[in-house]
Structure formats: structure tokens, C-alpha cells
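Letter by letter, the sequence shown follows residues 2 to 375 in the numbering used here.
All C-beta atoms, glycine included, are put in the ideal place defined by N, C-alpha and C.
Predicted model only: the values in this text are computed from it and were never measured.
See structure below.
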Amino acid sequence: MKEIVLCFIIFMSVACSDCAADSLTVKFRSRALFDMTATDYGKKDFQGYTSLEDFRVGFKASYGNCGIKADLGISEKKVSIKDFLFDYNWGDNWTLSAGNGYEPFSMDMLISTVDMRFVQSASSVLAFTDGRKLGVTAHYHGQSLYAATGVYANYDVNSIDADKNNSIVSTTRILWRRFRNGGVFHVGGAFSARSASVNNDGPVTGVLESCGVSSMLGGSVVSAEVSDLGSEVKGLAEVLYTAPRFLFQSEYFFDRLNRIGDKKAFLGHGGYVQGSFLLLGRGFGYDASVAVPGRPLSERALELTARVNYTDLNDGRSGIMGGEEWDFSLGLNFYINKYFAVKLSGDCLLPGKNCCDGYAGKLFLGQARVQYIF
Numbered sequence: 002m003k004e005i006v007l008c009f010i011i012f013m014s015v016a017c018s019d020c021a022a023d024s025l026t027v028k029f030r031s032r033a034l035f036d037m038t039a040t041d042y043g044k045k046d047f048q049g050y051t052s053l054e055d056f057r058v059g060f061k062a063s064y065g066n067c068g069i070k071a072d073l074g075i076s077e078k079k080v081s082i083k084d085f086l087f088d089y090n091w092g093d094n095w096t097l098s099a100g101n102g103y104e105p106f107s108m109d110m111l112i113s114t115v116d117m118r119f120v121q122s123a124s125s126v127l128a129f130t131d132g133r134k135l136g137v138t139a140h141y142h143g144q145s146l147y148a149a150t151g152v153y154a155n156y157d158v159n160s161i162d163a164d165k166n167n168s169i170v171s172t173t174r175i176l177w178r179r180f181r182n183g184g185v186f187h188v189g190g191a192f193s194a195r196s197a198s199v200n201n202d203g204p205v206t207g208v209l210e211s212c213g214v215s216s217m218l219g220g221s222v223v224s225a226e227v228s229d230l231g232s233e234v235k236g237l238a239e240v241l242y243t244a245p246r247f248l249f250q251s252e253y254f255f256d257r258l259n260r261i262g263d264k265k266a267f268l269g270h271g272g273y274v275q276g277s278f279l280l281l282g283r284g285f286g287y288d289a290s291v292a293v294p295g296r297p298l299s300e301r302a303l304e305l306t307a308r309v310n311y312t313d314l315n316d317g318r319s320g321i322m323g324g325e326e327w328d329f330s331l332g333l334n335f336y337i338n339k340y341f342a343v344k345l346s347g348d349c350l351l352p353g354k355n356c357c358d359g360y361a362g363k364l365f366l367g368q369a370r371v372q373y374i375f
């Protein structure tokens, strides 16, 4: 099946050359993220952890209204296809995107990893979002309105030849926005529905989980196993505000996993609030085509960041208690130039009831990331 995908890339390249008279534009790109953390949690002394979180190479090519984006990544000692998308733009405000990528659910998941305020997305984002999927998305990116809707298989291109979840996902994101004084305010939400999995040998079990403030410690902080899984519906509300020196970003998630038979559905929820202040530099990037914030506009910038997150996977009604946690983070990001950056943070995690084994008390850790992007 992967050979078919490669043939699809070649076919789309030829199709683009036929549909536009403009010359071919190709940009090769690469990035790497090297992470470090230190904590004495569960140990007698401080212990350090390191990880090559993501090394990626790829390219973007365009022919007039057509474009292709393809990335290969190495993460956790595995090589995999990341983004693989064919885009067709028409008019000033419409884009049709097909291939392997993220569904339009959660701006923190849609943000490029190198542009995130912290080393890792908020715990609630990790719990209630999914990875890339194969599908088609239509985007409308007007001055005041952004909308995206799509249909997806519930697996990505790397799982084509493997056992997979045979279900369909439909996701829509809509928001209103206003650009003013070098910044943007947007508010809106997203909704996603997944059909029940079919052609299975037996009952399906779904898992919602999150590793909290760092994946380098291994295991999950909260984890809810939902047996006899049926369909799923989830939604979120989001708000973003940027000014020349200030950024505010927040999302709140609700997730309902229905169960077959007479089993009661599982309900989980959570969200985060985070902000940034530029001690050096001015302005924040904003990609209007997908409605997500970016790194500071100044090549050299110093950014102070703070975040509060809450994740609750305890649901007494269904009898599934996956745990709850609060966490707090304070960070400092130094953008050396447009290619290199260093990100530092101190994190505190407060486990609540029914957290996973090994998380019984307060967790403090320091994290650092060195990154480059070309």
C-alpha cells in the first residue's frame, strides 16, 4: 500500500504540471527537536532524560494553484510518513486538502511543534485529540470567518497495512476573527463525530490517556479504558488573542464515548489556559489559512510563557475512573534567529484521584528543548 501512496505523489505532481502554466517551485525543509528533562520524582536523586523528539526532512512544491507537502520523520527510533498532503486553491479563500494530516480539531494540535509555547502540548490536548488521519478537508479562510470541514479514515498512512480501526470520522471547525493593531482575536469551536468500528473480531476497547507534562518519563498519568466501544462525539471551544507583546490562548474539550449494549457512555473533559509576553521582540505570527498562532515575528525574541491545565477522565456514571490532574508550567523561550531556538520550562503536576500507578504526589521537573528549522 505504501507503494500506491508513492505512485499517488508522482501522479499528483504530473497533474499539477498540467493544471498550471507557472513554473515549478520546490522548497526542501528540515527540522530537529532535542529534548531534556530532569526530576527526582520516584528516585533518590535527580535523574536526567533525553530524547530526539522529532527529526524531519521533507519538501513543499507548488504549481500555480496546486501544491504538495510531504515529510518523513524519525521519532522514538521509528521512520514514518508525517504530513503528506495535496492542496488545491481556488479563488482567494478556498483550499481543498487531501492526504495524510491532522483533522481540524484543536489549534494546539494544528500548530507546528517548533512554534508551540512549551516543549509539549497541554495534557488535555493529548488526552482528547488524535494523530494524523487519511482524509479530505475543505478550508474557507476569509477575513472574518474561518471554517474547515472534512471526512477521514480513523487511521493514518503508516497504518494502511496494519490492523486498524475501521471507522469514519467527520470533523468541523468554525471561528470568527478580527485583525486589528498588528494582532488578531478569534473565537470559535470544533465538533467531531466518529462512527462505531465495524468488521471486528469482538468488542472494541478504546483508550483516552495523557502523559501529563512530559512524555520522557514514560507511561501515562491519566488513562481511561472504555470497553465495548461504540461511536464517539467530541467538541471544544477555543479563543485566541494576540497583541504586539502579548498572546492568550485557551481551549476546553468535551468527549463522549458511546458504548454498545446497555453500557453507559463515558464522558471526559478538560482544558488549558496559557499566555505569553515578549520581553524582547514584537508581534506574533498567525497563519490565517488554518487559523493558528506562530512564533514571534521578530527573528530574535525572548518570550515568557505560563500555562494552567486540567484533565478529568473520571466518570462515576459509567464506572470508568481514568484519573484527574492539574498541572502548571512556567517557561522562557529564546529565539536566537529564524532557524534556532532554545525553550526552557519548569512544570508542576498535581495528581488527583485514580491517577495511574507511580503518580501519587506532586511532580516537579525542569525541561529544555534545542530546536532548528530550515
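Asked, Found
"Helix, strand or coil at A128 [DSSP, three-state]", "helix"
"Strand pairing of N90, partner residues [DSSP]", "T96"
"For T243, the nearest candidate out of F56, G203 and V293 (CA to CA)", "V293"
"Contact check, V1 vs N101, beta carbons under 8 Å", "Because the chain here runs from 2 to 375, residue 1 falls outside it and cannot be looked at."
"Identity of the residue in G353, P297 and E325 nearest K339 by Cα", "P297"
"D36, buried or exposed, once every other Cβ within 10 Å from all chains shown has been counted against 16", "buried"
"Within 8 Å, strictly: CB atoms of V185 and Y103", "no"
"Simplified DSSP state of D328, which is helix, strand or coil", "strand"
"Cα-Cα separation between A149 and S290, rounded to whole angstroms", "10 Å"
"Alpha-carbon to alpha-carbon, G347 and E54", "18 Å"
"Status (buried if at least 16 other CB within 10 Å, exposed otherwise) for E379", "This structure cannot settle anything about residue 379, because the visible part of the chain is limited to 2 through 375."
"Buried versus exposed call for I82 [16 or more other C-beta atoms within 10 Å across all chains shown]", "buried"
"Paired residues, beta bridge with A149 - DSSP", "H140 and R174"
"Helix, strand or coil at V27 [DSSP, three-state]", "strand"
"Paired residues, beta bridge with E210 - DSSP", "S224"
"N-terminal and C-terminal residue of the beta strand (DSSP E) that L351 is part of", "F341 to P352"
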